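Chains as they are written, first to last, in this note's numbering: chain A, 13 to 125; chain W, 81 to 193.
Positions of the beta carbon are idealized from the N, C-alpha and C atoms, including for glycine.
The structure presented is a predicted model; accordingly, all values stated were derived computationally and were not measured.
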């Protein structure tokens with residue numbers, strides 16, 4: 013199993029550009045989520061999904077869109093990038109039960125100029 | 081709402097010293113509790129977990145006990161190594177399927193030889 017994979021590893025954008033961060037998992041997990049990690053802030057939840065066709069907002073959803081058309085994929089879209097979105101983004105997945113271990117991807121480092 | 085508070089870092093120790101990283105939580109019901117570790121340049125990986133009161137999670141010499149009476153889940157290790165240098169995150173999920181993993185802000189541990 014590859015686990016949770018993310019692409020790209022690193023990206024530089026200009027303010028106003030759009031892009032999609034890709035996330036895929038091969039563990040047949042129902043639950044997938046996106047976090048951003050900023051210095052001194054820990055990990056903050058952006059969006060999450062409990063299954064194909066179902067998504068919901070987390071703590072910091074503004075400026076981000078998600079969709080879940082398949083169990084395996086959960087892309088994160090930035091429609092108009094802003095410098096405040098400079099961060100490291102982690103995708104994660106787990107089985108639906110609350111006590112199950114959550115598995116993280118290696119992260120995407122995004123710089124918005 | 082649910083929240084996790086962990087001690088501020090950085091924590092700087094000499095090799096073979098005893099480690100404690102404090103973690104307290106606020107949650108309704110009976111959450112599951114986790115410690116995740118992030119090594120430099122990597123994503124997060126599960127270190128240990130406990131799913132009910134008085135459970136002790138353990139892994140790689142690290143331990144943490146789920147204390148409902150004090151709402152705590154402190155991480156301990158009897159003798160740290162240089163290779164333990166990393167950022168440690170305490171986290172919880174509430175006792176409902178499909179709920180998000182909520183993180184503390186992380187504690188940076190630096191171990192010197």
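Between residue i and residue j, which are expected to be in contact by the criterion C-beta below 8 angstroms, what is the C-beta distance as a whole number of angstroms?
i, j, result
"residue 44 of chain A", "residue 104 of chain A", "7 angstroms"
"residue 196 of chain W", "residue 174 of chain W", "The structure shown does not extend to residue 196 of chain W, since chain W is modelled only from 81 to 193, so the question has no answer here."
"residue 115 of chain W", "residue 127 of chain W", "4 angstroms"
"residue 84 of chain W", "residue 184 of chain W", "4 angstroms"
"residue 84 of chain A", "residue 23 of chain A", "Their Cβ separation, rounded to whole angstroms, is 22 angstroms, which puts residue 84 of chain A and residue 23 of chain A out of contact at 8 angstroms."
"residue 187 of chain W", "residue 167 of chain W", "7 angstroms"
Let me check one thing: in DSSP terms, what residues is residue i bridge-paired to?
i, result
"residue 120 of chain A", "A:101"
"residue 44 of chain A", "A:61 and A:105"
"residue 38 of chain A", "Per DSSP, none; premise fails for residue 38 of chain A."
"residue 31 of chain A", "A:90"
"residue 189 of chain W", "W:91 and W:166"
"residue 142 of chain W", "W:139 and W:157"
"residue 104 of chain W", "W:85 and W:152"
Pick from the options: whose alpha carbon is nearest that of residue i?
i, options, result
"residue 102 of chain W", "W:193, W:131 and W:146", "W:146"
"residue 82 of chain A", "A:122, A:28, A:61 and A:123", "A:61"
"residue 102 of chain A", "A:13, A:19 and A:80", "A:19"
"residue 130 of chain W", "W:187, W:148, W:163 and W:161", "W:148"
"residue 139 of chain W", "W:97, W:117 and W:109", "W:117"
"residue 77 of chain A", "A:106, A:47 and A:52", "A:47"
"residue 41 of chain A", "A:112, A:124, A:118 and A:27", "A:112"
"residue 135 of chain W", "W:179, W:158, W:121 and W:110", "W:110"
"residue 70 of chain A", "W:165, W:142, W:86 and W:181", "W:181"
"residue 17 of chain A", "A:88, A:118 and A:123", "A:118"
"residue 73 of chain A", "A:30, A:90 and A:123", "A:90"
"residue 169 of chain W", "W:155, W:141, W:107 and W:160", "W:155"
Output the distance between the C-alpha atoms of residue i and residue j, rounded to the nearest integer angstrom.
i, j, result
"residue 55 of chain A", "residue 116 of chain A", "12 angstroms"
"residue 57 of chain A", "residue 106 of chain A", "15 angstroms"
"residue 14 of chain A", "residue 96 of chain A", "31 angstroms"
"residue 150 of chain W", "residue 59 of chain A", "31 angstroms"
"residue 153 of chain W", "residue 114 of chain A", "18 angstroms"
"residue 35 of chain A", "residue 66 of chain A", "16 angstroms"
"residue 21 of chain A", "residue 121 of chain A", "6 angstroms"
"residue 95 of chain W", "residue 33 of chain A", "39 angstroms"
State yes or no: is the beta carbon of residue i nearer than 7 angstroms to at least one beta carbon in chain C?
i, result
"residue 114 of chain A", "No chain C appears in the structure shown, which is made up of the protein chains A and W."
Output needed in chain order: residues of the segment 45–60 of chain A with a Cβ under 9 angstroms from some Cβ in chain W. 45, 47, 49, 52, 53, 54, 55, 56, 57 and 60
Which residues, in order along the segment 119–143 of chain W, keep a beta-carbon less than 8 angstroms from a beta-carbon of chain A? 122, 123, 124, 125, 126, 129 and 131
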